[in-house]
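Take a look at the structure below.
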Amino acid sequence: MNEIFSIMYKGKSYYCELDEDGFVWISLEDDINSKTNNGQVKPARNLQEAKEIAELMLYSMGY
């Protein structure tokens, strides 16, 4: 079962999803409401790791 969570990054809230394989997906507010897991190289083992991975993804994407 997928777990939905949100994180605050630089004063903005982002909705994320942790799937059953440990991949973190960030929902982007763009024209097509896309999701990305840009740069994730290892699965998250728990929700805390998923939040840390999501923050690193946002940083790497220049947010």
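Numbering (this note's numbering), first residue to last: 24 to 86. Heads up, the beta-carbon is just placed ideally off N, CA and C, and yes, glycines get one too. These numbers come from a predicted model, not from an experiment.
Determine the direct distance from the alpha carbon of residue j to that of residue i, and round the result to whole angstroms.
{"i": "W48", "j": "N25", "result": "10 Å"}
{"i": "Q63", "j": "D54", "result": "23 Å"}
{"i": "C39", "j": "A67", "result": "13 Å"}
{"i": "D96", "j": "S29", "result": "Lying before the first or after the last residue shown, residue 96 is absent from the chain, which here runs from 24 to 86."}
{"i": "A73", "j": "Y82", "result": "14 Å"}
{"i": "E75", "j": "N56", "result": "22 Å"}
{"i": "L41", "j": "E78", "result": "13 Å"}
{"i": "S50", "j": "I27", "result": "10 Å"}
Could you spell out the range, first to last residue, of the beta strand (DSSP E) harbouring residue i?
{"i": "P41", "result": "In the sequence on display, residue 41 carries Leu and not Pro. Note, L41: beta strand (DSSP E), 35–41."}
What residue range is occupied by the uninterrupted alpha helix (DSSP H) comprising residue i?
{"i": "S83", "result": "70–83"}
For residue i, list the residues DSSP reports as bridge partners.
{"i": "K58", "result": "S50"}
Please name the residue in the options whose C-alpha comes closest to that of residue i.
{"i": "K35", "options": "N60, E52, F46", "result": "E52"}
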